[in-house]
Structure formats: structure tokens, C-alpha cells
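*Asks:* This is the structure I want to talk about, given as C-alpha cells.
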């Protein structure tokens, strides 16, 4: 209790911040016990009139009051819709007040978007005010022209950026509306609540409205919403994307030609006004474009958004509109009394399609006026509050007050209830800990389980990230569906392959169908980055030398490293014969050792290129490369060069003295030439030697005796491979 308890007062809104404070707003006739010292408005602003003021109070979570203040003009102030920033730094209060002229008005601050009236007004005007955490007003503004527009606020909500959305209803006489509820270019810039009655001037009814304000009190846009009869906004809510939803009540168009703006969009859940009268639900973008709208049964009183769902609370006397297997499939009072109002909780998706609806109530009147949602434990917990005349169908056994009524003759109580709406379970397995995970249905006591994997058991093994859905049946035959959104990042399996020097291999293989997206960075022992790749496929790195390496593996929210060693097979030491020079037409034996098998390249002019000791008979100078292989397939290569000498070597002297050294004058290297004639002449031109046999030479004898010492002349005629004659002439010296 915050006042003296002897005069009327009521609470309208209660909200909490995330740091443990509770805020309450309403109106009161009380003159004491409300405001705290230093409050923004310490006294009730009645000015001798018996009208209520609004109040705003802040409590700690232990119930102790931090501060409180009045807020209002000398005449009546109503409403008291509240909204608070999560950290409690700003508190927004909205309602309606009878505006006063500038200088006397207690609502609008200087420079407000819409300030006080030039003259006083006896009409209610909606307003929005902002207070800081200490309870001091930062700014206040009216919502529209305070002289010619009657308006009031029923609910507020904020988007993720802290912008404020307000809904309520307004009525206008079209006269002098310099600042209407709506803004130019909005969905419905024109008030349309008037229709021709046939008995004089038009009859004007209220229109619903929706406005968006920034945190500093500047209106961003506004729109009317409704036809030419009664329409009003009762609740507003924002989703995480910044879109906004509103609900309330609406009426059929009286004059079809006045229906410029539709309440329901074509193809929506209910695009025709129900004969029983109806609520509406509409979705707008953050920029003010209507995305869709639908009629609905009854009157909308509560709205909340959670996890891409829209939770709608209505009161309705219509029956048979719940979804299959709902908590309460029909309006119980219709069957007991013929007519009754019950609460109804409905769930819509963001596209405007209804997914669930249940009645809530007994055989008498039951009405809910407040709805709130909390996301907890993989479910949306939905809280409803209202009042009831029904002795059954409301309270559960063991609850705080399971029995209706008291000693009073009128048996009516307030109620609060909670519904749990299961969400998609987020199953996140710690990174790199498992290749699969067992997922089990929430309820394992039912029957006929069927997973989207094909399993027909209570559990299924999940081996990749994705959505897993199981459907099963309650005893009454109603289907239950559980959904599990699995995030699974199993550790890739490392395999190393020992190889020859500089040819080591490391592979990381993902478990089958894991579906993960990984980034791999490979480092050597010194921390130098060798290579990097990203993908779902297996990855292999080759040409690694012996040593220690590290692979860093990352995936969203996960990071780990694997250190591994590359081993190599024993190498080989290949030894080959030395480079050599040979005469043209001759052969040479090459050799290699230190390997198990060999290959000489090129294979030209070799008798066996796979031998360790092939015989080479080259026709030109050549370099051979021999590659040796050991038992592990490791290889090594060396080269041998053969220089081919194809010049005819003719000596210039000989000494035929019988000592066995240089006793003949002969040609030892004909190469590829064929000897035609070999002649030697003395200095008088006499032929002393002749042969056509390349194996023969002159032994220094002439006519059976020793030839004279001195100088002689030779004439040699050779035929090359092409058949051409080559002649070599010169002198030689015979000595002994």
C-alpha cells in the first residue's frame, strides 16, 4: 500500500528492469502518502477539483520504496501505461490528461514535440513522458493536437534500438488539426471514424492508432487504424527484428465507400469480419508499413513477442475456435449457460498464420486483461491475468488459491495462470568432444514415436548438425512434436603417413556427414604458416619434412590445435662412377651402388638401363642420370658425364728400337672413320710404307733394312660415316 488507504486509487501498470527494481503506475485521489521528498511533483495537482492524478513509484525487489511522484494537470489524468529500459536508466509513462494552457500545463515540457494548448481543453489528450532513474522528468509531450483531438494511450512497447511504440484510440472533428495523430505518408494518415447517420451531422467514433517515438521524445511516424466505426488499440509488442504488432477491437464498416483502409489484409488468417464482432491483429514494419492484418474473434487485450512467435490474448464469447488438442478446446460457458465470455490464448507466426489457440475459463464469465512472456528452459512461459466468476476450469490443485470466492455474495476472483509453450531445443555439444549425440524426446512415457531420421524410438543418434523432429501421441490421441536444433562440431581425425624425406603427409578427415565448416591453419615447428584452407571436406597437406607440426582448427565458437610429428624412412646414399672421356666408337662401363634398384636416363646407347652397371657406347658426348630406389620407395639421383673424343690422333715421332715402347708409327684412334690408304714417304718422295689395314703401322724398316733416321711424310685417306673422303697429311720423325 502506497497511500493512506482512505480514498480511491488504482494501479494500471507494473514493470521490472533487469537490475532488480519494480515500477508501478496508476492514478489516485489521495493527497498524502504518495510522493517522496524531492519528487518531480510532490503534491496532487487538483487545484480544487476532485480529479485524480497519475502516480509513478519505484521499488527495490525487497519491496522498499525508492521514490515516487505525482504526475498530472488540475483536471483528470488517466491511464498510467509504463515501460522501462532494461538497465532502469529511463522510465516512460503514458496516459491521457485534460491539457491546460501554456504556463499552467504540467504534462508537456518546453520545446516538446507537441506542447500545451493555447487555451485549456476539456478533452482528454494522450501524452508520453520520460523520467530518469532518480525519478526526475526528462521530457514530456502530447501525442497530437490537444484542442481538436481526443486521444488516450493503452499500451507501450520498445524495439531493440530503444524506440517507443504507443497504441490507443483517438477521435477527431477535423477542425484545425495541424498536428494529427498520424504523419504524412503513413499507412492510414486520415482519421476515418465518422459515418453518415441519416439524422443530421456525421457521427464520429474512435479510431485505433499506432505511433513510433525515439528515446528523446521525437515522433518518427504515426498512423490511424480502422474504419468508420469503433476501433481501438489495446496492446502493442515488438519482435527482435524491429517489427511491431498491435491488437485491439474493431467494427464492421457502416458505409462501404468509407472503407479506404482495410483492417484485415487479403489472404490473412481471417480477412472477413466475423459476425460475432471482432478483435484485430496487425503487423507493421519499423518504418510504418503495414505488413499484414487479420480479424479475430472477440476483443484483443494482450500481446507479446518471443522467439519469432506472436502471443495474442483476447476475450471472446465465440465457441469452437480452438486448435486441435489445445489445452481447452471450447468455450465451456456456451454449453453451460448458452452464452459466456472466456479468455483465449493464441499463437501466430511472423507471417500471420495461426499455429495454436486455446480457451481458458469455466462455465461463467472469465476475462483476461494482461499477458506476459518469459523465455526459459527451452520454452516460452506465458502468464495470463484477469478475473473470473467460474468455480472450475481456472485454478489447479495445490495452487495458492484453488477455490473461488470468499464470504461475499458475489463470487468473483482475480486469477493468474501460466502456460508453457515448448520451443525448439537448442542442443549444443561442446566443441570437438563427440562425433554423435543421443537426442531423446521430452516425454518418454507416451507412444508411437517417429523421428524425421526414420527412427521409431524415443531417442535417435544424431551425427550431424541440423533440425531433428520427433512426433508422438498422448493417451487422448493428440500429437506432440518436439524439435531439436543440433549444433555438432566433432573433432576431425588426424592421420599421418611416414614417407621419404620431404614427402611426409598429414590428413584431417571429418566424421561421416558431420556437416561442419572448419578452417585449418598448418604451422611448422617455428610457427611459420605453411597453408590455410576452409571447408567441409577432408583436407590433406603433403611434402612435409621430418619434424613437429601444428594444425589449428576453428569453427564458429570453437578453436583447438593438434600437434603431430612427421617421421621419414631411411634415406639412401647413391654412389656412381666418375665422369670420363672416351674415344669415338668405344664403350665404357658405368656403375652405381647404394640402392636396391636403378634406372638410367636417357636409355639411349645403354645395353641395360635398369642395371647397376650398364655398358654405354655413345655416339656423342652425353650426361646420364641414374635414379636409385630403396625398399621404401625413397629415391636419390646422381649424374655421370661421358665426353666423346672423335679427333683422329696422329703421332709426330716414333722410336723403333725394340724396347716395346713406341716401336711403330700407327694411328690408334680412327673413331667412326674407315681407313682407305695409309702411306709414308721419305724426303726424296719414295714410298717407304703402305697399308689399308687400320690395325697395322710402320715399324721403321724399308727394303728389308732399317730406314734412315730423319724426317718422313705421311698421307692418310679416311672415309667418314657419310662416305666423304677426309685426307690427313703431315711429317713425322724417326729416332732410335
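In our numbering, the protein residues as written are 3 to 738.
A virtual CB, placed ideally from N, CA and C, is assigned to each residue, including glycine.
#1: Starting from residue 685 and walking both ways along the beta strand (DSSP E), at which residues does that stretch end?
#2: With burial defined as no fewer than 16 other Cβ atoms inside 10 Å of the residue's Cβ, what is the status of residue 441: buried or exposed?
#3: Quick one: is residue 689 buried, meaning 16 or more other Cβ sit within 10 Å of its Cβ, or exposed?
#4: On a Cα-Cα basis, can you pick out the residue from 130, 145, 368, 75 that is closest to residue 105?
#5: Within 10 Å of its beta-carbon, does residue 182 have 16 or more other beta-carbons around it, so buried, or fewer, so exposed?
#6: Thinking residue 585 and residue 673 are a contact (beta carbons under 8 angstroms), I'd like their distance in whole angstroms, please.
#7: Classify residue 290 as helix, strand or coil using the three-state DSSP reduction.
#8: Nearest to residue 643 by alpha carbon, out of 630, 623, 635?
#9: Taking the beta carbon of residue 484 as the centre, do at least 16 other beta carbons fall within 10 Å, making it buried, or is it exposed?
#10: Do you know whose CA, among 417, 465, 349, lies nearest residue 425's CA?
#11: Short of 6 angstroms in beta carbon distance, which residues of its chain neighbour residue 413, apart from the five on each side in sequence? Order them along the chain.
#12: Across which residues does DSSP place residue 523 in a beta bridge pair?
#13: Helix, strand or coil for residue 11? Go by DSSP, reduced to three states.
#14: Any idea what DSSP makes of residue 515, helix, strand or coil?
#15: Taking Cβ positions, are residue 457 and residue 469 nearer each other than 7 angstroms?
#16: Can you tell me whether DSSP reads residue 699 as helix, strand or coil?
#17: Here's the rule I'm using: 16 or more other beta-carbon atoms within 10 Å means buried, otherwise exposed. How should residue 253 be labelled?
#18: Go to residue 137, then tell me how far its beta strand (DSSP E) extends in each direction, as first and last residue.
#19: With a threshold of 8 angstroms on Cβ separation, who are the neighbours of residue 694 within its own chain once the five nearest residues in sequence on each side are excluded?
#20: On the premise that residue 448 lies in contact with residue 476, defined as a C-beta separation below 8 angstroms, what is that separation, rounded to the nearest angstrom?
#21: Please determine, among 724, 193, 640, the residue with the shortest C-alpha to C-alpha distance to residue 152.
#22: If you run the structure through DSSP and keep just helix, strand and coil, what is residue 99?
#23: In the DSSP assignment, find the beta strand (DSSP E) that holds residue 646 and state where it starts and stops.
#24: Following the continuous beta strand (DSSP E) through residue 209, name the residue where it begins and the one where it ends.
#25: If I measure Cβ to Cβ from residue 651 and keep anything under 8 angstroms in the same chain, skipping five residues before and after, which residues do I get?
#26: Would you please state the rounded distance, in angstroms, between the beta carbons of residue 238 and residue 212? I believe it to be under 8 angstroms.
#27: What runs of the beta strand (DSSP E), each 3 residues or longer, lie entirely inside the stretch 380–450?
#28: Whole-angstrom Cβ separation of residue 453 and residue 472, contact assumed at under 8 angstroms?
#29: If you count every other CB in all the chains shown that lies within 10 Å of the CB of residue 379, and 16 or more means buried, which is it?
#30: Could you check what DSSP says for residue 235 in three-state terms: helix, strand or coil?
#31: Would the stretch 79–88 count as touching the stretch 11–22 if we require 3 or more Cβ pairs under 8 angstroms?
#32: Cα separation between residue 224 and residue 241?
#33: Can you tell me whether DSSP reads residue 334 as helix, strand or coil?
#34: Residue 624 by DSSP, collapsed to three states: which one?
#35: Bridge partners for residue 607 per DSSP, in chain order?
#36: Where does residue 281 sit, in a helix, a strand or coil, going by DSSP?
*Replies:* In terms of the structure at hand:
#1: Translated into the one-based positions of the chain shown, residue 685 becomes position 683. It is not in any beta strand (DSSP E) - residue 685 carries neither H nor E in the DSSP assignment.
#2: Stepping through the chain shown from its first residue, residue 441 is reached at position 439. Under this definition residue 441 is a buried residue.
#3: Here the question's residue 689 lines up with position 687 in the chain shown. Taking all protein chains shown into account, residue 689 has fewer than 16 neighbouring C-beta atoms within 10 Å of its C-beta and is therefore exposed.
#4: Residue numbering aside, residue 105 sits at position 103 when the chain shown is read from its first letter. For residue 105, the closest of 130, 145, 368, 75 by C-alpha to C-alpha distance is 75.
#5: Here residue 182 corresponds to residue number 180 of the chain shown, with the count starting at 1. In this structure residue 182 is buried. Its beta-carbon is surrounded by 16 or more other beta-carbon atoms within 10 angstroms.
#6: Counted from its first residue, the chain shown places residue 585 at position 583. Counted from its first residue, the chain shown places residue 673 at position 671. A Cβ-Cβ separation of about 6 angstroms places residue 585 in contact with residue 673 under the 8 angstroms criterion.
#7: Your numbering for residue 290 matches position 288 in the chain shown. Look at residue 290 here: in three-state DSSP terms it is coil, with no helix or strand label.
#8: In the chain shown, the residue the question calls residue 643 occupies position 641. Residue 623 is the option with its Cα nearest to residue 643.
#9: In the chain shown, residue 484 corresponds to position 482, counting from 1. Counting of Cβ neighbours within 10 angstroms places residue 484 among the buried residues, the total reaching 16 or more.
#10: Within the chain shown, residue 425 is the residue found at index 423, counting from 1. Measuring from the Cα of residue 425, the nearest candidate turns out to be 349.
#11: As a first step, residue 413 must be located in the chain shown, where it is residue number 411. 406, 407.
#12: As a working note, residue 523 is residue 521 in the chain shown. Beta-bridge annotation (DSSP): residue 523 is paired with 534, 554.
#13: Within the chain shown, numbered from 1, the residue matching residue 11 stands at position 9. Here DSSP, grouped into helix, strand and coil, assigns residue 11 to strand.
#14: Mapped onto the chain shown, residue 515 falls at position 513. Here residue 515 scores only 49 on pLDDT, less than 50, and its place in the model should not be relied on; the value that follows carries that caveat. It is coil, neither helix nor strand.
#15: Mapped onto the chain shown, residue 457 falls at position 455. Mapped onto the chain shown, residue 469 falls at position 467. With contacts defined by Cβ atoms closer than 7 angstroms, residue 457 and residue 469 do not form a contacting pair.
#16: Position 697 of the chain shown, counting from 1, holds the residue named residue 699. Collapsing the DSSP output to three states places residue 699 in coil.
#17: Locating residue 253 in the chain shown gives position 251, counting from the first residue. By the neighbour-count rule (16 or more Cβ atoms within 10 Å), residue 253 is buried.
#18: In the chain shown, counting from the first residue as 1, residue 137 sits at position 135. No beta strand (DSSP E) holds residue 137; DSSP gives it neither H nor E.
#19: Taking the first residue of the chain shown as position 1, residue 694 is located at position 692. In chain order, 677, 678, 679, 680 place their CB closer than 8 angstroms to the CB of residue 694, counting only its own chain and leaving out the 5 sequence neighbours on each side.
#20: For the purposes of this step, residue 476 is taken as residue 474 along the chain shown, with counting starting at 1. For the purposes of this step, residue 448 is taken as residue 446 along the chain shown, with counting starting at 1. Contact flag correct, Cβ pair sits at about 6 angstroms.
#21: Walking along the chain shown from the start, residue 152 turns up at place 150. Residue 152 has its Cα closest to that of 193, out of 724, 193, 640.
#22: Here residue 99 is taken as the residue at index 97 of the chain shown, counted from 1. Note: residue 99 maps to strand in three-state DSSP.
#23: Start at 1 with the first residue of the chain shown, and residue 646 comes out as number 644. Residues 637–647.
#24: Position 207 of the chain shown holds residue 209. Run containing residue 209: 209–215, per the beta strand (DSSP E) assignment.
#25: Position 649 of the chain shown holds residue 651. Hits under 8 angstroms: 669, 670, 671.
#26: Here residue 238 refers to the residue found at position 236 of the chain shown. Here residue 212 refers to the residue found at position 210 of the chain shown. Sure, about 7 angstroms apart at Cβ, within 8 angstroms.
#27: Counting whole runs of 3 or more residues, the stretch 380–450 contains the beta strand (DSSP E) stretches 381–390, 415–424, 427–430, 439–442.
#28: Translated into positions along the chain shown, residue 453 becomes position 451. Translated into positions along the chain shown, residue 472 becomes position 470. Between residue 453 and residue 472 a beta carbon distance of about 5 angstroms is seen, short of the 8 angstroms cut, so the two are scored as contacting.
#29: If you number the chain shown from 1, residue 379 lands on position 377. Residue 379 is exposed by the Cβ-count criterion.
#30: Walking along the chain shown from the start, residue 235 turns up at place 233. The three-state reading of DSSP puts residue 235 in strand, counting E and B together.
#31: The stretch 79–88, when compared against the stretch 11–22, does touch it at the 8 angstroms Cβ threshold.
#32: Residue mapping note: residue 224 aligns to position 222 of the chain shown, counting from 1. Residue mapping note: residue 241 aligns to position 239 of the chain shown, counting from 1. If you take the alpha carbons of residue 224 and residue 241, they lie about 19 angstroms apart.
#33: Translated into positions along the chain shown, residue 334 becomes position 332. Helix at residue 334.
#34: The count along the chain shown starts at 1 and reaches residue 624 at position 622. It is a strand residue.
#35: What you label residue 607 is simply residue 605 of the chain shown in a count that begins at 1. Per DSSP, none; premise fails for residue 607.
#36: Numbered from 1 along the chain shown, position 279 holds the residue referred to as residue 281. In this structure, residue 281 counts as strand in the three-state DSSP scheme.
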